[in-house]
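Peer 1: Its first residue numbered -2, the sequence shown is counted upward by one per residue in this note's numbering.
Please read through the structure below; I'll follow up with questions.
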Amino acid sequence: MLEKVDLGLKLRKKEWKQQRSILQRRLYDLSQATFAAGMPVIILSEGWDAAGKGSTINELTQRLDPRGFKVWPIRAARTHEKARPWLWRFWLKLPNRGQIAIFDRSWYGRVLVERVEGLASESEWRQAYRDIVEFERTLADDGHIIIKFWMHISQHEQRKRFKALEKDPLTAWRVQPEDWHHHKQYDKYVLAVEEMLENTQTEWGPWTIIAATSQPYTFWKAYTTIIAALENSLRARGIDPDSIGAKATAADASALSETEDRAGYEMADVADLVETLTAEPDDTHSSDNNTD
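Rendered as structure tokens:
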């Protein structure tokens, strides 16, 4: 499945610079609209170590009203949390009506790191698939908008980023021995990720796989995915998203359209990728294109 993701997708820095302010303004306007409409939004940022999860969250929140969102960095469950149902600690972090909760890692750790590292038994992580789907269905039925990202990079690209971080004294602390351990387990994690995507891809909680080799493309893809999801949700509630905030000028719309064409915006969605699990393997694969 993941081998079919085109990791060569990229966006030139010049093009990204032209689009950034437009996308920031649009996301801000939509966040204000969802607040007024009382629509809670959940954004999950999952992906490989060093794939850019934190950087993307930082970028997305640059122009948002800080009163309207909360970022939750998720770590291993604490002792008192382990004494309760495993999803309990996440219920406590759900957004209020009209607010945005952004998770830097999430409940999917149960079927990823806890599975691969043996921190959860096979029966526990298999049961977690159903727990997660039902959990997200409950949230969606209650009016939550759920947006899920998997940021994908190759093992080679991950190694390259780790080494670059280690060379700089100011960032060396970000690479810990456990990160290299996970890196060596890359193939095992690929299997876990693919099963996660297959078992938790739903109408109410769809996955978006971002080819995260190029940082400008990663940011652009995250922005456009969230913007589209918020616009569709507002439209479903009878609110015209085109009437929200400062309308884009013809030049803005043209620039966005041209960028979508160049960046290959209509990337294969997760549903199509899932179908390839049972198909014959493709003999040709795109080579890794490492960009900034």
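Cβ atoms here follow ideal geometry from the backbone N, Cα and C, with glycine treated the same way.
1) Report the partner residues of Glu43 according to the DSSP bridge assignment.
2) Looking at Ile144 and the ligand FAD, is the gap between the Cβ and the nearest heavy atom below 7 angstroms?
3) Give every residue of the same chain whose Cβ lies closer than 7 angstroms to the Cβ of Ala219, excluding the five residues on either side of it in the sequence, and list them in chain order.
4) Please work out which residues of its chain come closer than 7 angstroms, Cβ to Cβ, to Val2, disregarding the five sequence neighbours upstream and downstream, and give them in chain order.
5) Please report how far the alpha carbon of Lys11 lies from the alpha carbon of Asp128, in whole angstroms.
6) Please classify Leu8: is it buried, with 16 or more other beta-carbons within 10 angstroms of its beta-carbon, or exposed?
7) Suppose you measure from the CA of Leu295 to the CA of Asn55; what does that come to, to the nearest Å?
8) Mind the definition here: the stretch 19 to 33 touches the stretch 228 to 236 only if three or more C-beta pairs lie below 8 angstroms; say whether that holds.
9) Label Arg112 either buried or exposed according to how many other C-beta atoms from any shown protein chain fall within 10 Å of its C-beta, with 16 as the threshold for buried.
10) Keeping to the same chain, check which residues put their C-beta closer than 8 angstroms to that of Lys67; ignore five residues upstream and five downstream.
11) With the cut-off set at 8 angstroms, would you say Trp217 and Trp85 are in Cβ contact?
12) With 16 other CB atoms within 10 Å as the buried threshold, where does Gly49 fall?
13) According to DSSP, which residues form a beta bridge with Phe100?
Peer 2: Put simply:
1) If you number the sequence shown from 1, residue 43 lands on position 46. Looking at the DSSP assignment, Glu43 forms a beta bridge with Trp147.
2) Within the structure as shown, the ligand FAD is missing, as the structure has no ligands at all.
3) Here residue 219 refers to the residue found at position 222 when the sequence shown is read from its first residue. Contacts found: Thr53, Leu57, Phe146 and Ile207.
4) As a first step, residue 2 must be located in the sequence shown, where it is residue number 5. For Val2, where only same-chain residues beyond five positions count, the Cβ hits under 7 angstroms are His149, Ile206 and Ala208.
5) In the sequence shown, residue 11 corresponds to position 14, counting from 1. In the sequence shown, residue 128 corresponds to position 131, counting from 1. Roughly 44 angstroms separates the two Cα atoms.
6) In the sequence shown, the residue the question calls residue 8 occupies position 11. Buried: at least 16 other Cβ atoms inside 10 Å.
7) In the structure as shown, the chain starts at -2 and stops at 289, and residue 295 therefore has no counterpart that could be examined.
8) yes
9) Numbered from 1 along the sequence shown, position 115 holds the residue referred to as residue 112. Per the 10 Å Cβ criterion, buried.
10) As a position in the sequence shown, residue 67 is number 70, starting the count at 1. If we look at Lys67 and ignore the five residues flanking it on each side, its Cβ neighbours are Lys90, Pro92, Gln96, Ile97, Ala98 and Ile99.
11) Counting from 1 along the sequence shown, the entry for residue 217 is found at position 220. Counting from 1 along the sequence shown, the entry for residue 85 is found at position 88. Taking 8 angstroms as the Cβ cut-off, Trp217 and Trp85 do not qualify as a contacting pair.
12) On the sequence shown, position 52 is the one that residue 49 refers to. It counts as buried.
13) What you label residue 100 is simply residue 103 of the sequence shown in a count that begins at 1. Beta-bridge pairing links Phe100 to Leu41 and Trp69.
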